[in-house]
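**Q** This is the structure I want to talk about, given as structure tokens.
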Amino acid sequence: FVSNQPSADRGIAPVVEIADMEPDSSLWGLNFPNQYSTLKLTETNNTRTTYGGSEKFSRLEQSPSMLELFAGYSFSIEYNEDRGHLNSLTDVREIKRVNDTTPGTCYSCKSSDNPGLWDEMGMAQFDKTLFKDLGQKISEPIGCANCHEAETMRLIVTNPALDEALKAQGKDWRTFTRQEMRTVVCANCHVEYYFAGEGKYLTFPWEDGTRIEDISKYYAEMGFMDWEHPRSGAPMIKMQHPDYELFTADSTHYKAGVACADCHMPYTRDGSAKFSTHNVHSPLLNAEAACGACHTDVGYVTTRVATIQNQVRETMDASEVAIVAAIEAIEAAAKTPNVDEALLAEARDLHRESQLRWDFISAENSMGFHNPEETLRILAASTDLARQAQLKAVLAAGTPSIIEAAYNQ
Amino acid sequence: FVSNQPSADRGIAPVVEIADMEPDSSLWGLNFPNQYSTLKLTETNNTRTTYGGSEKFSRLEQSPSMLELFAGYSFSIEYNEDRGHLNSLTDVREIKRVNDTTPGTCYSCKSSDNPGLWDEMGMAQFDKTLFKDLGQKISEPIGCANCHEAETMRLIVTNPALDEALKAQGKDWRTFTRQEMRTVVCANCHVEYYFAGEGKYLTFPWEDGTRIEDISKYYAEMGFMDWEHPRSGAPMIKMQHPDYELFTADSTHYKAGVACADCHMPYTRDGSAKFSTHNVHSPLLNAEAACGACHTDVGYVTTRVATIQNQVRETMDASEVAIVAAIEAIEAAAKTPNVDEALLAEARDLHRESQLRWDFISAENSMGFHNPEETLRILAASTDLARQAQLKAVLAAGTPSIIEAAYNQ
Amino acid sequence: MKIALVIGIIAVLAVVGVGLYVTDFTAYLGNNPSTCNNCHVMDAVYESWYHGGHKQWANCNDCHTPHDLIPKYIVKAQSGYHHVTAFVFGDIPDAIRAKESSREVVQENCIRCHEETVSTMLESSMEFDRYCFDCHRSVAHGERGISLLPYQHSEESK
Ligand SMILES: [Ca+2]
Ligand SMILES: [Ca+2]
């Protein structure tokens, strides 16, 4: 089973030939109706879970402290809960974070037209093109071509940025096992990324590793920042959906050989035909199938998820309170006459380091379940750093008076 | 569905009648040679594991910051790694924490003579008697009588303090199932406790619940303290081996119905018949039997234990650094002329709250494995509170100068 | 009322009829594991049993049916009915898991074969209140019971 091949029992023999990188999923659907019809369901899913689900609610209204944490950055304008794959195109086009200067790079993970376009124009050109112009060429949401090779139906890396990031680590996905690909295929998109240089070249910050400490080191060494926080003046980094990075950081399930697809695309029965459901969403909505294949007691595991997510939510709330307190202290310190600039800079660094750790967990999508221990370890560090930032601000100002008001709120 | 009637061909027929609460384990051993001979092994076990094991090393040398955290309290004099049950009497008598005023209560969990003595003199009298006097009556280490009822051999609660603590929660152990008793029997001793009033009456602080927040609330409401920290002046609480409290706080294994005895007393074979090994120690030393029945891949689970324990150790180190910093800040603040006494008191409260949370995990014996998520949640809170204590001290002093030296160390 | 009754009877007959047909009835009076595997939904458990620790010692019925003659055929009738109706009316659970009743049957059989080994455990004056397979999760069908490929072949887990 070392070879990366699709399962033998596909159910149906091909009725039509599918062109390489065919963007139109409905054509693939003629050969594989079960997979196509289940993928279609992702368009209309709308059920909410305690911390996730498919309803497009505003994450900013859900946790208002984000307005202070993301102040001055596009994520404070509009930031919603994610939903099914077929909504990718609609949602990226409707989001207010996009404007006339937005690069085409924003389409990278939103359409099955991409593999063809990357092949035709190259990723550098793709990313250089403005979002509004590139949009002319794009009409399909996420589809078969983002995950499969038409001829063999095997799972492949379609995003050049992932191919390059793996190379940078000396890895070649073509040597991966089928079970590994059941996780890596999601890494085409469910990963932290940034835009390198003027060309807004899509890049994954993995050169030093995929742990939060490695990523923060990578950004620090290249002196990268997404924006400057208007109140603290710190050079900030925004983290985005590091689902793959957190899950693969020695989590219980990852080390046990479990793949993303095991939980999010469990095998389903249609009569006697067995296939992977392509209706990808929260496994809590179909726990019987998603967890039941491995856990005899589904009630037990879903209850554990609730316990873990509540522990994480509570710990994350504390981090948010601490970071906001740090921002206020630094802002006030900066206003004090003859403030110690060196210490102030240290305080700003601590703010950056604290918030990017918090965001690594906040932007991740399982409220910690993908890797509970790593999640809580990171949040503990985030709060510690935020409190140190607050203290450094006081040292910089030379007087605690700057925080009295804020502190006693 | 499984009959409890002694089956026709009984393994070992009782050769001697054992008196109720018989202190001498060797007599019980005549009837149950396997259990006795394995219990004997606990006397000589001496293998160390990464964070535990049976070697009697000094925990103070292992983590010197304890000298600052326990300053002014007996635990800063001598504090060793625990070892096998048969060493209980030797170790309690050798430890330098004991002096002429030490109450007999310290024998509560160290000898199989206790059930008989509690029955004869009552626990109030037992606890009132001085350690050095009560010692005359005690010659046996932990033994069968601490866990079993002689006539039926079933597991029972032998420590009156546990019986009372359960009653206070409206629970009656006599109604517990066998599987529940396989955990509760350990709670005779592996729990946090304190000495109530002049009579040093052994009490478990469980009236509001067994979570750390419940316990801290309980002590706060009764205004209890174990000692005053000489440097911070805070009213401190020492936590002791809350193995039972942490494990039962909705841990993965507890919710899955696993009991202490499952991992620490796995079944072993003597020829054909299985019996529970009574050689209780770190399961990492016999993982094949301790974990292997439930987890086929023993390598996987032991590696996970290492990962979890390292994450916990790292997070606990951060808590210790923060608490020491808080102690230094409060000490310095107290020395400043016209310090704000109200704020100083708040800082001391924060020190107490922070350290008792850290100690709940530090005094627990699995380096977090018994309940990884709860452990990390608690440590995150501990560090947060310690940093707040440090800041409060600065506010009380009215100047950050008090911490410059300490902070930049 | 009458009609309902008639329909009811017809329905039952239909089920039994189909049952006899799809399940090649006489085969189920026997003990051949492959007969269980007549159903694709039994593939996973058959596979896991085939590769599991007990193949050389026990077949399906050694564990899944009581061993005093009469109850055996009652259980077979019951489960056979479950299986067939579930099959015919298509309400096959997402994850097929043993019902409490089957667990008890299996437990009796574990003990039947291992009585001597477990005598000490069972002699306790308190009821032995758990299943053997709470611990021995892998003896029968592999650690994850019905867990499907490719998980059981994954490189990571080895
Ligand atoms: Ca969602
Ligand atoms: Ca030990």
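Protein chains in written order, with this note's numbering: chain A, 1 to 409; chain B, 1001 to 1409; chain C, 2001 to 2158.
Ideal Cβ positions, reconstructed from N, Cα and C, are used throughout, including at glycine.
Would Tyr244 of chain A count as contacting chain C if we go by Cβ distances under 7 Å?
**A** What you label residue 244 of chain A is simply residue 244 of the first sequence in a count that begins at 1. By this cut-off, Tyr244 of chain A is not an interface position.
**Q** Which one or two residues does DSSP pair with Gly53 of chain A in a beta bridge?
**A** Residue mapping note: residue 53 of chain A aligns to position 53 of the first sequence, counting from 1. Answer is A:Arg48, bridged to Gly53 of chain A.
**Q** Under 8 Å Cβ-Cβ, which residues of chain C neighbour Arg377 of chain A?
**A** Walking along the first sequence from the start, residue 377 of chain A turns up at place 377. The premise fails here: Arg377 of chain A is roughly 22 Å from chain C at the closest Cβ pair, so nothing lies under 8 Å.
**Q** DSSP three-state call for Pro235 of chain A: helix, strand or coil?
**A** Position 235 of the first sequence, counted from the start, is the residue given in the question as residue 235 of chain A. Here Pro235 of chain A sits in strand by DSSP.
**Q** Checking contacts by CB at 7 Å: is Phe2025 of chain C closer than that to chain A?
**A** Here residue 2025 of chain C refers to the residue found at position 25 of the third sequence. In this prediction, Phe2025 of chain C scores a pLDDT of 49, lower than 50, which makes its location untrustworthy; the coordinate-derived value is nonetheless stated afterwards. No, Phe2025 of chain C lies away from the interface with chain A (no Cβ there is under 7 Å from its Cβ).
**Q** Would you list, in chain order, the members of the stretch 245–277 of chain A that have their beta-carbon closer than 8 Å to a beta-carbon of chain B?
**A** Within the stretch 245–277 of chain A, the residues whose Cβ lies closer than 8 Å to some Cβ of chain B are Asp250, Thr252, Lys255, Ala256, listed in chain order.
**Q** In whole angstroms, give me the CA-to-CA distance for Ala381 of chain A and Asp1270 of chain B.
**A** Taking the first sequence and counting its residues from 1, the one referred to as residue 381 of chain A is at position 381. Taking the second sequence and counting its residues from 1, the one referred to as residue 1270 of chain B is at position 270. If I take the Cα positions, the gap works out to 49 Å.
**Q** Looking only at its own chain, which residues have a Cβ that is under 8 Å from the Cβ of Asp1226 of chain B, when we skip the five neighbours before and after it?
**A** Numbered from 1 along the second sequence, position 226 holds the residue referred to as residue 1226 of chain B. Counting only Cβ-Cβ distances below 8 Å, and skipping sequence neighbours, we find Tyr1073, Tyr1194, Met1236, Ile1237, Lys1238.
**Q** Which ranges does the alpha helix (DSSP H) cover as unbroken runs of at least 4 residues, wholly within the stretch 1183–1229 of chain B, from first to last along the chain?
**A** Fully enclosed alpha helix (DSSP H) runs of 4 or longer: 1212–1221.
**Q** Helix, strand or coil for Phe126 of chain A per DSSP?
**A** Numbered from 1 along the first sequence, position 126 holds the residue referred to as residue 126 of chain A. Helix.
**Q** Under the assumption that Leu1060 of chain B contacts Leu1067 of chain B (Cβ atoms under 8 Å), give the Cβ distance between them as a whole number of angstroms.
**A** Here residue 1060 of chain B refers to the residue found at position 60 when the second sequence is read from its first residue. Here residue 1067 of chain B refers to the residue found at position 67 when the second sequence is read from its first residue. Indeed, because the Cβ distance is near 6 Å, the residues count as touching under 8 Å.
**Q** Whole angstroms is fine: what's the gap from Arg1211 of chain B's alpha carbon to Arg1182 of chain B's?
**A** Walking along the second sequence from the start, residue 1211 of chain B turns up at place 211. Walking along the second sequence from the start, residue 1182 of chain B turns up at place 182. Going from the Cα of Arg1211 of chain B to the Cα of Arg1182 of chain B covers about 21 Å.
**Q** Cβ atoms of Leu391 of chain A and Leu343 of chain A: under 7 Å apart, would you say?
**A** Counted from its first residue, the first sequence places residue 343 of chain A at position 343. Counted from its first residue, the first sequence places residue 391 of chain A at position 391. No, the pair does not count as a contact, with Cβ atoms beyond the cut-off.
**Q** Tell me, which residues are paired with Ser1276 of chain B by DSSP?
**A** Here residue 1276 of chain B is taken as the residue at index 276 of the second sequence, counted from 1. Ser1276 of chain B pairs with B:Tyr1267.
**Q** Determine the burial state of Glu1022 of chain B: buried for a count of at least 16 other Cβ atoms within 10 Å of its Cβ, exposed for fewer.
**A** Here residue 1022 of chain B is taken as the residue at index 22 of the second sequence, counted from 1. Counting Cβ neighbours within 10 Å, Glu1022 of chain B comes out buried, since at least 16 surround it.
**Q** Rounded to whole angstroms, how far is the Cβ of Asn146 of chain A from the Cβ of Pro103 of chain A, which I believe are closer than 8 Å?
**A** Looking up residue 146 of chain A in the first sequence gives position 146. Looking up residue 103 of chain A in the first sequence gives position 103. So it is not a contact: roughly 20 Å between Cβ atoms.
**Q** If you reduce the DSSP assignment to three classes, tell me which class Asn1114 of chain B lands in.
**A** Position 114 of the second sequence, counted from the first residue, corresponds to residue 1114 of chain B. Of the three classes helix, strand and coil, the one that applies to Asn1114 of chain B here is helix, per DSSP.
**Q** Is the CB of Glu288 of chain A under 7 Å away from at least one CB in chain C?
**A** To locate residue 288 of chain A, count along the first sequence from 1; it is residue 288. Yes, contact with chain C.
**Q** Do you know offhand how far Thr1158 of chain B's Cα is from Asn2032 of chain C's?
**A** If you number the second sequence from 1, residue 1158 of chain B lands on position 158. If you number the third sequence from 1, residue 2032 of chain C lands on position 32. Distance between the alpha carbons of Thr1158 of chain B and Asn2032 of chain C is about 53 Å.
**Q** Which residue marks the beginning of the alpha helix (DSSP H) containing Gly1029 of chain B, and which one marks its end?
**A** Locating residue 1029 of chain B in the second sequence gives position 29, counting from the first residue. Element bounds for Gly1029 of chain B: 1025–1031.
**Q** Taking the alpha helix (DSSP H) that Asp1133 of chain B belongs to, which residues open and close that run?
**A** Residue 1133 of chain B sits at position 133 when you count from the first residue of the second sequence. Start and end: 1131–1134.
**Q** If you check the beta carbons only, do Arg1387 of chain B and Ile1327 of chain B fall under 7 Å apart?
**A** Counting from 1 along the second sequence, the entry for residue 1387 of chain B is found at position 387. Counting from 1 along the second sequence, the entry for residue 1327 of chain B is found at position 327. Going by C-beta atoms, Arg1387 of chain B is not nearer than 7 Å to Ile1327 of chain B.
**Q** Taking the CB atoms as reference points, tell me whether Met265 of chain A and Ser276 of chain A lie closer together than 7 Å.
**A** Residue mapping note: residue 265 of chain A aligns to position 265 of the first sequence, counting from 1. Residue mapping note: residue 276 of chain A aligns to position 276 of the first sequence, counting from 1. Yes, they are a contact pair.
**Q** To which residues of the same chain is Arg1352 of chain B closer than 7 Å at the C-beta, ignoring the five residues directly before and after it?
**A** Against the second sequence, residue 1352 of chain B aligns to sequence position 352. Cβ within range, chain order: Ala1234, Pro1235, Met1236, Ile1237.
**Q** Could you give the first and the last residue of the continuous alpha helix (DSSP H) run that contains Ser65 of chain A?
**A** Translated into the one-based positions of the first sequence, residue 65 of chain A becomes position 65. Taken as a continuous stretch (DSSP letters only), the alpha helix (DSSP H) holding Ser65 of chain A covers 65–69.
**Q** Going along chain A, which residues have a C-beta under 7 Å from Arg1410 of chain B?
**A** Not covered by the structure: residue 1410 of chain B. The range shown for chain B is 1001 to 1409.
**Q** Should Gly1052 of chain B be counted as a contact of ligand 2 given a C-beta to heavy atom distance under 6 Å?
**A** Walking along the second sequence from the start, residue 1052 of chain B turns up at place 52. Yes, ligand 2 has a heavy atom inside 6 Å of this Cβ.
**Q** Less than 7 Å between CB atoms is the rule here; does Ala293 of chain A satisfy it with respect to chain C?
**A** For the purposes of this step, residue 293 of chain A is identified with residue 293 of the first sequence, where counting begins at 1. Yes, its Cβ sits closer than 7 Å to a Cβ of chain C.
**Q** If you measure from the CB of Glu81 of chain A, is any heavy atom of ligand 1 nearer than 6 Å?
**A** Working through the first sequence from its first residue, we reach residue 81 of chain A at position 81. Checking every heavy atom of ligand 1 against the Cβ of Glu81 of chain A, one is found closer than 6 Å.
**Q** With 16 as the cutoff for other CB atoms within 10 Å, does Glu1151 of chain B come out buried or exposed?
**A** Here residue 1151 of chain B refers to the residue found at position 151 of the second sequence. Label assigned to Glu1151 of chain B: exposed.
**Q** Is any beta-carbon of chain A found at less than 7 Å from that of Ala1168 of chain B?
**A** The residue labelled residue 1168 of chain B in the question sits at position 168 within the second sequence. Cβ-Cβ to chain A under 7 Å: no for Ala1168 of chain B.
**Q** Apart from the five residues on each side of it in sequence, which residues of its chain come closer than 6 Å, Cβ to Cβ, to Ser108 of chain A?
**A** Indexing the first sequence from 1 puts residue 108 of chain A at position 108. These residues qualify, in order along the chain: Leu202.
**Q** Determine, using beta carbons only, whether Ala413 of chain A and Tyr244 of chain A come nearer to each other than 7 Å.
**A** The structure shown does not extend to residue 413 of chain A, since chain A is modelled only from 1 to 409, so the question has no answer here.
**Q** Report the rounded CA-to-CA distance for Leu41 of chain A versus Ser54 of chain A, giving the unit in angstroms.
**A** Here residue 41 of chain A is taken as the residue at index 41 of the first sequence, counted from 1. Here residue 54 of chain A is taken as the residue at index 54 of the first sequence, counted from 1. Rounded to the nearest angstrom, the two C-alpha atoms are 11 Å apart.
**Q** Report, in whole angstroms, the separation of the C-beta atoms of Lys1056 of chain B and Glu1081 of chain B, which I expect to be a contact under 8 Å.
**A** In the second sequence, residue 1056 of chain B corresponds to position 56, counting from 1. In the second sequence, residue 1081 of chain B corresponds to position 81, counting from 1. Lys1056 of chain B to Glu1081 of chain B, Cβ: 6 Å. Contact.
**Q** What residues in its chain sit with their C-beta under 7 Å from that of Ala1196 of chain B, if we drop five residues either side in the sequence?
**A** Sequence index remark: in the second sequence, residue 1196 of chain B carries index 196 (1-based). Excluding positions up to five away in sequence, the list reads Thr1203.
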